[in-house]
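Everything in the sequence shown is counted per this note's numbering, starting at 264 for the first residue and increasing by one.
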Amino acid sequence: MFFAAPGALAADRDSCCSDLEERIADLEVTTARKGNRKVSLSISGYVAQELTWWDDGAEQNVYAHGLGPTQATHVKFVGQAQIAPGWTAGYTLRIQNLDDNPFGRNATTGQAINQLFDYFSQGLNVQMSFWYLRNDRLGEISVGRQANASKSAAMFTDQSGTQIIDNYTFLAGFPQFIIRSGGDLLPASMTWGQLAFCYSQNLPIGGDCDGLVMNAVRYDSPAFAGFSVSASWGEDDDWEVAARYAGEMNGFKVRLGVGYSENLDKNASAPAVLQHKHSDYFQVGGYVEHLATGLFAHAAYGKEGNNDEPLTSGYTAPDSRHWYTKFGVRRKWTRLGTTIVYGDYAEYDDQLGPAALALGATSGKLTRYGAGIAQEIDAAAMTVYVKAQHYDADVAGAPELADLKGLDLISVGGLINF
Numbered sequence: 264m265f266f267a268a269p270g271a272l273a274a275d276r277d278s279c280c281s282d283l284e285e286r287i288a289d290l291e292v293t294t295a296r297k298g299n300r301k302v303s304l305s306i307s308g309y310v311a312q313e314l315t316w317w318d319d320g321a322e323q324n325v326y327a328h329g330l331g332p333t334q335a336t337h338v339k340f341v342g343q344a345q346i347a348p349g350w351t352a353g354y355t356l357r358i359q360n361l362d363d364n365p366f367g368r369n370a371t372t373g374q375a376i377n378q379l380f381d382y383f384s385q386g387l388n389v390q391m392s393f394w395y396l397r398n399d400r401l402g403e404i405s406v407g408r409q410a411n412a413s414k415s416a417a418m419f420t421d422q423s424g425t426q427i428i429d430n431y432t433f434l435a436g437f438p439q440f441i442i443r444s445g446g447d448l449l450p451a452s453m454t455w456g457q458l459a460f461c462y463s464q465n466l467p468i469g470g471d472c473d474g475l476v477m478n479a480v481r482y483d484s485p486a487f488a489g490f491s492v493s494a495s496w497g498e499d500d501d502w503e504v505a506a507r508y509a510g511e512m513n514g515f516k517v518r519l520g521v522g523y524s525e526n527l528d529k530n531a532s533a534p535a536v537l538q539h540k541h542s543d544y545f546q547v548g549g550y551v552e553h554l555a556t557g558l559f560a561h562a563a564y565g566k567e568g569n570n571d572e573p574l575t576s577g578y579t580a581p582d583s584r585h586w587y588t589k590f591g592v593r594r595k596w597t598r599l600g601t602t603i604v605y606g607d608y609a610e611y612d613d614q615l616g617p618a619a620l621a622l623g624a625t626s627g628k629l630t631r632y633g634a635g636i637a638q639e640i641d642a643a644a645m646t647v648y649v650k651a652q653h654y655d656a657d658v659a660g661a662p663e664l665a666d667l668k669g670l671d672l673i674s675v676g677g678l679i680n681f
């Protein structure tokens with residue numbers, strides 16, 4: 264029989280326990296505590312903030328702000344439990360920080376971030392809260408406050424690493440900035456968002472017109488050879504269908520998305536501006552990247568039809584379209600991580616909002632172009648960037664809007680994931 268020395272046993276025990284304690288400590292800092300042993304819980308999200316210098320043709324200033332709704336600083340809780348082989352159930356809860364929201368506007372007071380106000384807060388917002396049931400072969404059904412089936416079908420094809428910080432919506436822009444006419448901030452109702460207005464949401468969102476988050480029932484199919492389909496219904500009433508593709512072909516990364524929606528809810532997202540809403544929205548987008556060189560191109564197109572529905576003011580909601588393209592290169596030139604250099608261009612045609620129509624506008628075109636550099640920092644799961652944008656507008660039918668000045672913006676920002 265072999266007897267170990269007491270000191271050896273103590274050393275082995277100390278080594279074992281030390282290793283165990285290190286692993287327990289690691290688990291405590293990398294996992295979240297959960298309420299029961301059946302449902303797992305993961306926490307993720309990011310914090311994003313920008314510093315923007317702007318010049319509206321007569322005034323210059325610098326504002327610190329967030330990235331607006333959808334792309335804002337947020338925390339996401341995801342729970343999941345296995346019911347049986349191939350079957351899982353779970354939930355998602357996503358809470359946004361809409362402090363310093365450049366997109367928001369108080370419907371009663373009209374206050375927003377513009378040349379007159381440098382701060383606007385909508386506090387914390389529960390953006391999503393839904394449960395789901397998933398089968399590996401049949402797909403997933405989800406119920407609750409969530410993104411509908413075609414939300415961002417075109418925009419989310421952008422895999423350049425700059426989709427959050429620069430895309431064809433005005434979520435991270437300043438749609439409430441007043442367009443200077445003849446050097447004056449009059450009429451104050453004529454903002455940049457009035458030339459990028461989506462009646463599907465009653466908002467100056469530019470692109471992704473029916474990108475709604477609402478109480479809905481949604482179905483998502485499993486992916487077959489990279490293809491998947493989705494359908495949803497949200498109250499009261501929003502019908503959506505979409506198809507997506509993700510894969511690689513001959514050394515190219517490819518993402519495609521197409522969606523169609525019909526929205527009859529005149530109170531969706533913001534105070535009603537239509538007497539009876541009947542808005543339909545078609546969108547299509549894609550992304551192609553040459554993996555060997557990192558060269559990429561992204562494009563998105565959207566068209567909104569409003570079926571000649573009258574506004575509460577008596578004007579008629581116009582049909583409109585918009586398109587966007589982004590091109591550049593993704594390369595790992597430094598040890599920090601991938602560097603993305605890009606340029607982009609967007610055009611918004613006849614997206615005339617209620618204020619523009621009230622001023623007599625019969626047609627309009629807003630153009631936006633710019634460029635940026637983003638640096639991914641792998642060790643910190645972070646992206647830092649600088650981007651420049653320029654807005655121009657032409658409006659017909661409104662004498663007050665004959666001499667519109669452009670808007671220049673240069674932003675420096677950062678985004679860190681957790």
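Even glycine gets a Cβ: it sits at the ideal position worked out from N, Cα and C.
Legend entry - Per-residue burial, R400 [other beta carbons within 10 Å of its own, 16 or more giving buried]: Burial call: exposed.
Inset, instruction - Please work out which residues of its chain come closer than 8 Å, Cβ to Cβ, to K668, disregarding the five sequence neighbours upstream and downstream, and give them in chain order. - result: D319, G320, A321, I442, R443, S444, G446
Legend entry - Proximity winner among H561, P662, L678, L330, relative to D641 (alpha-carbon distances): Minimum Cα distance to D641 is reached at L678.
Inset, instruction - Assuming D501 contacts N526 (C-beta within less than 8 Å), just tell me the rounded distance between them. - result: 5 Å
Legend entry - Helix, strand or coil at P573 according to DSSP, with G and I counted as helix: Residue state, collapsed to three classes: strand.
Inset, instruction - Within its chain, find whatever has a CB closer than 6 Å to the CB of I404; leave out the 5 residues flanking it on each side and keep chain order. - result: L396, Y482
Inset, instruction - Can you grab the Cα-Cα spacing for the pair L283 / S303, in whole Å? - result: With a pLDDT of only 48 at L283, under the threshold of 50, the placement of this residue in the model should not be trusted; the figure read from the coordinates follows. Computed Cα separation, rounded: 22 Å.
Legend entry - Proximal residues to H553 (C-beta, below 7 Å), its chain only, five neighbours per side dropped: For H553, where only same-chain residues beyond five positions count, the Cβ hits under 7 Å are G514, F515.
Legend entry - Alpha-carbon spacing of I306 relative to T579, whole angstroms: 46 Å
Inset, instruction - For Q385, name the three-state secondary structure that DSSP assigns. - result: coil
Inset, instruction - Please say whether N398 and S524 have beta carbons closer to each other than 9 Å? - result: no
Inset, instruction - Kindly list the residues whose CB is nearer than 6 Å to the CB of S674, restricted to its own chain and excluding five residues on each side of it in sequence; keep chain order. - result: E313, T315, K650
Inset, instruction - Confirm, please, whether the CB-CB distance from S463 to C472 is below 9 Å. - result: yes
Inset, instruction - Would you mind sorting D571 into buried or exposed? The rule is 16 or more other CB atoms within 10 Å of its CB. - result: exposed
Legend entry - Assigned secondary structure, L554 (DSSP; H/G/I helix, E/B strand, else coil): coil
Legend entry - Per-residue DSSP class, three states only, for G591: strand
Inset, instruction - Could you give the DSSP three-state label for I287: helix, strand or coil? - result: Its pLDDT being 48, under 50, I287 is placed unreliably by the model, and the measurement read from it follows with that caveat. In the structure shown, I287 sits in a helix (DSSP, three-state: H, G or I).
Inset, instruction - Rounded to whole angstroms, what's the CA-CA distance from S626 to I468? Just pull it up for me. - result: 18 Å
Inset, instruction - Quick one: residues in its chain with C-beta nearer than 8 Å to the C-beta of G258, no 5 flanking neighbours on either side, listed in chain order? - result: Because the chain here runs from 264 to 681, residue 258 falls outside it and cannot be looked at.
Inset, instruction - Quick one: residues in its chain with C-beta nearer than 6 Å to the C-beta of K566, no 5 flanking neighbours on either side, listed in chain order? - result: F545, R584
Inset, instruction - State buried or exposed for K589, treating a residue as buried only when at least 16 other CB atoms are found within 10 Å of its CB. - result: buried
Legend entry - In chain order, each alpha helix (DSSP H) run of at least 4 residues that lies wholly inside the segment 596–624: 617–621
Inset, instruction - Find out if the Cβ-Cβ distance for the pair Q652, G436 is shorter than 9 Å. - result: For Q652 and G436, yes; Cβs fall inside 9 Å.
Inset, instruction - Please report how far the alpha carbon of T630 lies from the alpha carbon of V492, in whole angstroms. - result: 33 Å
Legend entry - Boundaries of the beta strand (DSSP E) in which M512 is found, first to last residue: 501–512
Inset, instruction - Helix, strand or coil for N453, going by three-state DSSP, please let me know. - result: First, the amino acid is wrong: residue 453 is Met here, not Asn. Coil at M453, not helix or strand.
Inset, instruction - Drop a sphere of 10 angstroms on the beta-carbon of D277, count the other beta-carbons inside from all chains shown, and report buried for 16 or more, exposed for fewer. - result: Interpretation of D277 is limited by its pLDDT of 46, a score under 50 that renders its predicted location unreliable; the figure taken from the coordinates is listed afterwards. Counting the other CB atoms within 10 Å of its CB gives D277 a total below 16, which places it among the exposed residues.
Inset, instruction - Just tell me which of T371, S384, S576 has its CA closest to the CA of P332. - result: The residue with the shortest Cα to Cα distance from P332 is S384.
Legend entry - Beta-bridge partners of T371, as assigned by DSSP: Looking at the DSSP assignment, T371 forms no beta bridge with any residue, so it has no partner.
Inset, instruction - Return the CA-CA distance between L664 and A479, expressed in angstroms with no decimal places. - result: 41 Å
Inset, instruction - Indicate whether S542 and G522 have their beta-carbon atoms separated by less than 9 Å. - result: no
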